[in-house]
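Report on one structure; see the data block that follows.
In our numbering, the protein residues as written are 68 to 250.
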């Protein structure tokens, strides 16, 4: 298996995560009427770490947390070569008139975020929606979608890809950039 170039190692990842959390605290205070929603499957790994940090650091944190599966809301799910398996959606609250923060690990074409916005409509009409992405691949967007909070920006060619390796129960082990996608 081809090894990628490490673009963010464990120590820098923790610093990046903490910076993102501090930006959220600065903008949302005690998170009243705010919910953070991790996009299944990989955005949830990041979202859970953010929620744990915020609930530890913010006194009387009122943040609600959910997990959203977007599998069948994607515009390309019917043209996949192999069957897709959905992850569970775990949102036990209504987003009506709430400030929503969507969380994903890598922002690439924007199609996942578009699907998330569509799926989110089943839970009410939010007051606002912002996006937090650990990695922004800014030169590969298909849709006019931009993250409000970005951990790291990666400029890469179309056939390259970014992978976040997660360690169970800890921070990310590393973020890798591969020259092209393995088939």
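Where is the CB? At the ideal position from N, CA and C, for every residue including glycine.
Please read these numbers as outputs of a predicted model, since none were measured by experiment.
**Prompt:** Where DSSP assigns a beta bridge to residue 101, which residues make up the other side?
**Reply:** 166
**Residue(s) in a DSSP beta bridge with residue 216** = 199, per the DSSP bridge assignment.
**Message:** Tell me whether the stretch 96 to 105 and the stretch 202 to 219 touch, counting them as touching only if at least three CB pairs, one residue from each stretch, are closer than 8 angstroms.
**Reply:** Taking a cut-off of 8 angstroms on C-beta distances, the stretch 96 to 105 does not touch the stretch 202 to 219, as fewer than three cross pairs fall below it.
**Asked** Going by other Cβ atoms of all chains shown within 10 Å of its Cβ, with 16 needed for buried, is residue 188 buried or exposed?
**Response** exposed
**Prompt:** Looking at C-alpha atoms only, which residue of 115, 171, 134 and 163 is the closest neighbour of residue 153?
**Reply:** Across the set 115, 171, 134 and 163, the C-alpha of 134 shows the shortest separation from the C-alpha of residue 153.
**Asked** Ends of the beta strand (DSSP E) at residue 111?
**Response** Looking at the DSSP string, residue 111 is not in any beta strand (DSSP E); the run it does join, the alpha helix (DSSP H), is 109 to 124.
**Per-residue DSSP class, three states only, for residue 187** = helix
**Item:** residue 177 versus 164, 245 and 214, residue with shortest Cα-Cα distance
**Value:** 214
**Request:** Rounded to whole angstroms, what's the CA-CA distance from residue 92 to residue 125? Just pull it up for me.
**Result:** 8 angstroms
**Prompt:** Leaving out the 5 sequence neighbours to the left and right, which residues in its chain are closer than 7 angstroms to residue 194 when beta-carbon positions are compared?
**Reply:** 164, 165 and 166
**Message:** By alpha-carbon positions, which one of 242, 155 and 131 ends up nearest to residue 218?
**Reply:** 242
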